[in-house]
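> Structure incoming, see below.
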Amino acid sequence: MSLKGKLSRYKSQMKLPQESPHPADAAIGNTTNIQYLKEWGHHDVKSVFHGEEYSLIREISYPLTYEHGLYCLGEFVNVVNEWNKSSSTHPLSAKGHTAGELFFFDTETTGLGGGTGNAIFLLGQARVQKNEVVVRQYLLPAPGNETALYHHFLSGINLKTLVTYNGKAFDWPQVKTRHTLVRDAVPALPEFGHFDLFHAARRMWKNNMDSVKLANVEKDILNIHRDADIPGYLAPMMYFQFLQSQHPENIAGVLKHNEIDVLSLITLYIHLSKKILLAEEVEDQQEQYELARWFQTAGDTPTALKIYESAAEKDGSNQYRAKMEAAMILKKSNEWERAEPMFNEVFQHSSGTSKIRAAIEMAKHLEHKKKMAAEALETASLAYAHLKEIEQFAKLHPSLKEDLQKRIKRLQLKVNK
Numbered sequence: 000m001s002l003k004g005k006l007s008r009y010k011s012q013m014k015l016p017q018e019s020p021h022p023a024d025a026a027i028g029n030t031t032n033i034q035y036l037k038e039w040g041h042h043d044v045k046s047v048f049h050g051e052e053y054s055l056i057r058e059i060s061y062p063l064t065y066e067h068g069l070y071c072l073g074e075f076v077n078v079v080n081e082w083n084k085s086s087s088t089h090p091l092s093a094k095g096h097t098a099g100e101l102f103f104f105d106t107e108t109t110g111l112g113g114g115t116g117n118a119i120f121l122l123g124q125a126r127v128q129k130n131e132v133v134v135r136q137y138l139l140p141a142p143g144n145e146t147a148l149y150h151h152f153l154s155g156i157n158l159k160t161l162v163t164y165n166g167k168a169f170d171w172p173q174v175k176t177r178h179t180l181v182r183d184a185v186p187a188l189p190e191f192g193h194f195d196l197f198h199a200a201r202r203m204w205k206n207n208m209d210s211v212k213l214a215n216v217e218k219d220i221l222n223i224h225r226d227a228d229i230p231g232y233l234a235p236m237m238y239f240q241f242l243q244s245q246h247p248e249n250i251a252g253v254l255k256h257n258e259i260d261v262l263s264l265i266t267l268y269i270h271l272s273k274k275i276l277l278a279e280e281v282e283d284q285q286e287q288y289e290l291a292r293w294f295q296t297a298g299d300t301p302t303a304l305k306i307y308e309s310a311a312e313k314d315g316s317n318q319y320r321a322k323m324e325a326a327m328i329l330k331k332s333n334e335w336e337r338a339e340p341m342f343n344e345v346f347q348h349s350s351g352t353s354k355i356r357a358a359i360e361m362a363k364h365l366e367h368k369k370k371m372a373a374e375a376l377e378t379a380s381l382a383y384a385h386l387k388e389i390e391q392f393a394k395l396h397p398s399l400k401e402d403l404q405k406r407i408k409r410l411q412l413k414v415n416k
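Oh and the sequence shown: position 15 is 14 in numbering that gives the first Met the number 0, straight run, nothing missing.
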């Protein structure tokens with residue numbers, strides 16, 4: 000039987016509840032017969048009750064000196080302090096927050112789909128508390144205990160910022176869906192600001208990696224190597240096996256997998272923050288170019304210009320692309336004296352999109368500002384000749400081809416008057 004088939008069979012047997020009773024309707028008392036209590040203790044897990052329901056909580060602490068990949072966990076406190084000193088309004092800025100207010104969060108679910116038929120069975124979080132990082136995990140021991148699970152997860156938390164990996168699209172919507180079924184019996188969901196590191200990683204490394212799933216980013220970027228870790232796609236099956244046996248050993252691997260996930264989010268946030276805060280000093284040209292684009296998209300054009308100019312000084316495939324973007328920013332700021340030599344250099348030495356865009360900008364300036372129609376026509380014609388040499392490119396960028404054709408036709412009429 001395929002993995003998908005096995006998961007469907009297990010899921011049908013699980014009979015996930017659609018509603019949980021209010022505690023007032025349930026008998027109060029810790030009467031649940033929990034198996035393997037001694038073995039749970041060996042895994043740092045304890046049981047906690049809410050009415051007659053219970054959940055399992057695992058807590059493990061790491062000193063700030065603990066190294067996870069490229070950094071000690073304590074470096075996270077340092078980058079939050081640096082964000083608070085910075086005037087940057089970057090989307091990943093932690094300005095206005097303390098390190099303890101950032102909440103690194105990941106879930107494990109019974110499937111990849113959405114809706115009420117898909118249950119979260121493990122809520123994992125990590126945050127700085129005093130001089131350590133505390134990982135706390137909330138495990139659903141069996142169907143019918145979701146009220147206890149969410150009650151203990153939500154009680155007593157006062158958090159301002161959620162940090163996930165694709166959690167905006169998956170984890171938090173799943174929490175909202177399941178919370179809806181028990182909302183009358185548990186605390187309300189807090190309002191979170193949201194840092195989604197998946198989108199940050201995709202922006203930074205999608206051109207250099209086949210996939211930016213967290214496991215790949217760990218291995219290729221963060222120097223995190225998982226030893227004897229279970230693949231994430233096996234977590235639902237292991238959970239269903241655990242439901243049948245109730246033995247901790249059947250779920251221990253999933254708990255460890257989730258623990259590494261949330262620690263890796265801390266390391267990734269550190270790494271991205273350092274890149275952003277020291278963007279002008281980043282050595283990798285591709286990363287620097289992407290950082291400049293990110294700042295520009297976020298509306299911080301002055302910072303983007305500085306980073307583009309730094310990237311343009313480096314040899315590499317993005318040198319002229321960076322110079323082109325810097326020139327465009329200068330043009331929009333009416334700094335043509337600085338922009339003109341950049342456009343000219345891009346036109347003379349680059350190829351493809353950058354070369355043609357630079358030619359169009361130069362032709363515009365020659366025609367409208369310098370009133371040199373003949374020179375504008377020559378520049379546009381050279382660009383069009385280059386475009387015809389790369390016809391496949393022209394098919395991909397029809398707007399540039401159309402721009403040049405119209406521009407050349409108009410300039411020819413003007414020159415031949």
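Glycine included, every Cβ here is placed at the ideal spot set by N, Cα and C.
Given the structure is predicted, the values throughout are model-derived calculations rather than measurements.
Which same chain residues, not among the five before or five after L69, have their C-beta less than 6 Å away from its C-beta?
Here residue 69 corresponds to residue number 70 of the sequence shown, with the count starting at 1. Closer than 6 Å at Cβ, skipping near neighbours: L221, N222.
> Pick helix, strand or coil for R182, following the three-state DSSP scheme.
If you number the sequence shown from 1, residue 182 lands on position 183. R182 falls in the coil class under three-state DSSP.
> For a quick check, are the C-beta atoms of E107 and N333 less than 8 Å apart?
Numbered from its first residue, the sequence shown carries residue 107 at position 108. Numbered from its first residue, the sequence shown carries residue 333 at position 334. Contact flag unset, no.
> Buried or exposed: where does E58 fall if 16 or more other Cβ atoms within 10 Å of its Cβ makes it buried?
Along the sequence shown, one-based indexing puts residue 58 at 59. Within a 10 Å sphere around the beta-carbon of E58 sit fewer than 16 other beta-carbons, which makes this residue exposed.
> Can you check which of these residues, E366, V127, S60, A141, is closest to E52 by C-alpha distance?
In the sequence shown, residue 52 corresponds to position 53, counting from 1. Here the closest residue by C-alpha is A141.
> Mark E308 as exposed unless 16 or more other C-beta atoms lie within 10 angstroms of its C-beta, in which case mark it buried.
As a first step, residue 308 is located in the sequence shown; it is residue number 309 there, counting from the start. Classification of E308: buried, given that the 10 Å Cβ count is 16 or more.
> Give the range of the alpha helix (DSSP H) segment to which P90 is assigned.
Along the sequence shown, one-based indexing puts residue 90 at 91. Neither: P90 is in no alpha helix (DSSP H) and is coded neither H nor E.
> Using the rule of at least 16 other Cβ atoms within 10 Å of the residue's Cβ for burial, across every protein chain shown, is Q284 buried or exposed?
In the sequence shown, residue 284 corresponds to position 285, counting from 1. Counting Cβ neighbours within 10 Å, Q284 comes out buried, since at least 16 surround it.
> Report the rounded CA-to-CA distance for F102 versus T300, giving the unit in angstroms.
Working through the sequence shown from its first residue, we reach residue 102 at position 103. Working through the sequence shown from its first residue, we reach residue 300 at position 301. Straight-line Cα distance between these residues: approximately 30 Å.
> Could you tell me the alpha carbon to alpha carbon distance between M327 and L290, rounded to whole angstroms?
Numbered from its first residue, the sequence shown carries residue 327 at position 328. Numbered from its first residue, the sequence shown carries residue 290 at position 291. Between M327 and L290, the alpha-carbon positions lie close to 17 Å from each other.
> Would you kindly report the start and end of the unbroken beta strand (DSSP E) that includes A125?
Numbered from 1 along the sequence shown, position 126 holds the residue referred to as residue 125. Counting along the chain, the beta strand (DSSP E) containing A125 begins and ends at 119-128.
> Report the option in L72, E131, L148, L188 whose CA atom is closest to the CA atom of T160.
Here residue 160 refers to the residue found at position 161 of the sequence shown. When C-alpha distances from T160 are compared across L72, E131, L148, L188, the shortest belongs to L188.
> Assuming contact is defined by CB atoms lying nearer than 8 Å, are A147 and V261 in contact in what I supplied?
Taking the first residue of the sequence shown as position 1, residue 147 is located at position 148. Taking the first residue of the sequence shown as position 1, residue 261 is located at position 262. No, they are not a contact pair.
> Any idea if A26 is buried or exposed, counting beta-carbon neighbours within 10 angstroms, 16 or more meaning buried?
Taking the first residue of the sequence shown as position 1, residue 26 is located at position 27. Confidence in A26 is poor, its pLDDT being 34 and thus under 50, which makes the residue's placement too unreliable to answer from.
> Does the separation of the CB atoms of N130 and L63 fall below 8 Å?
The residue you call residue 130 lines up with position 131 of the sequence shown. The residue you call residue 63 lines up with position 64 of the sequence shown. Going by C-beta atoms, N130 is nearer than 8 Å to L63.
> With DSSP run on the structure shown, which of helix, strand or coil describes R406?
The count along the sequence shown starts at 1 and reaches residue 406 at position 407. R406 falls in the helix class under three-state DSSP.
> When DSSP labels each residue in this structure, what does D195 get in the three-state scheme?
Residue 195 sits at position 196 when you count from the first residue of the sequence shown. D195 falls in the strand class under three-state DSSP.
> Given that a residue counts as buried once 16 or more other Cβ atoms are within 10 Å of its Cβ, and exposed if not, what is V414?
Mapped onto the sequence shown, residue 414 falls at position 415. Under this definition V414 is an exposed residue.
> Quick one: using the 10 Å Cβ neighbour count with 16 as the cut-off for buried, is G28 buried or exposed?
In the sequence shown, residue 28 corresponds to position 29, counting from 1. The pLDDT assigned to G28 is 43, lower than 50, so where the model puts this residue is not dependable; a value taken from the coordinates is nonetheless given after this. That one is exposed.
> With V162 as the anchor, note down where its beta strand (DSSP E) starts and where it stops.
As a first step, residue 162 must be located in the sequence shown, where it is residue number 163. Residues 160-163.
> By DSSP, does Y9 sit in helix, in strand, or in coil?
Locating residue 9 in the sequence shown gives position 10, counting from the first residue. A caution first: Y9 carries a pLDDT of 47, below 50, which makes its placement in the model unreliable, though a value can still be read off. Correct three-state label for Y9: helix.
> For K369, count neighbouring C-beta atoms within 10 Å of its own C-beta (all shown protein chains included) and say buried if the count is 16 or more, exposed if not.
For the purposes of this step, residue 369 is taken as the residue at position 370 of the sequence shown. So K369 ends up on the exposed side.
> If you check the beta carbons only, do I119 and V174 fall under 8 Å apart?
Numbered from its first residue, the sequence shown carries residue 119 at position 120. Numbered from its first residue, the sequence shown carries residue 174 at position 175. Contact flag set, yes.
> Suppose the cutoff is 6 Å on Cβ atoms and the five residues either side in sequence are ignored; what does the same chain contact list for E217 look like?
Stepping through the sequence shown from its first residue, residue 217 is reached at position 218. Cβ within range, chain order: I223, S263.
> Classify H21 as buried or exposed, calling it buried when 16 or more other Cβ atoms lie within 10 Å of its own Cβ.
Numbered from 1 along the sequence shown, position 22 holds the residue referred to as residue 21. Unreliable positioning characterises H21 in this predicted model, as indicated by a pLDDT of 39, which lies under 50. The coordinate reading is nonetheless provided below. Looking at its Cβ environment, which holds fewer than 16 other Cβ atoms inside 10 Å, H21 is exposed.
> Throw me the rounded Cβ distance for the K305 and E279 pair, which I believe falls under 8 Å.
Along the sequence shown, one-based indexing puts residue 305 at 306. Along the sequence shown, one-based indexing puts residue 279 at 280. With a Cβ gap of about 6 Å, K305 and E279 count as contacting.
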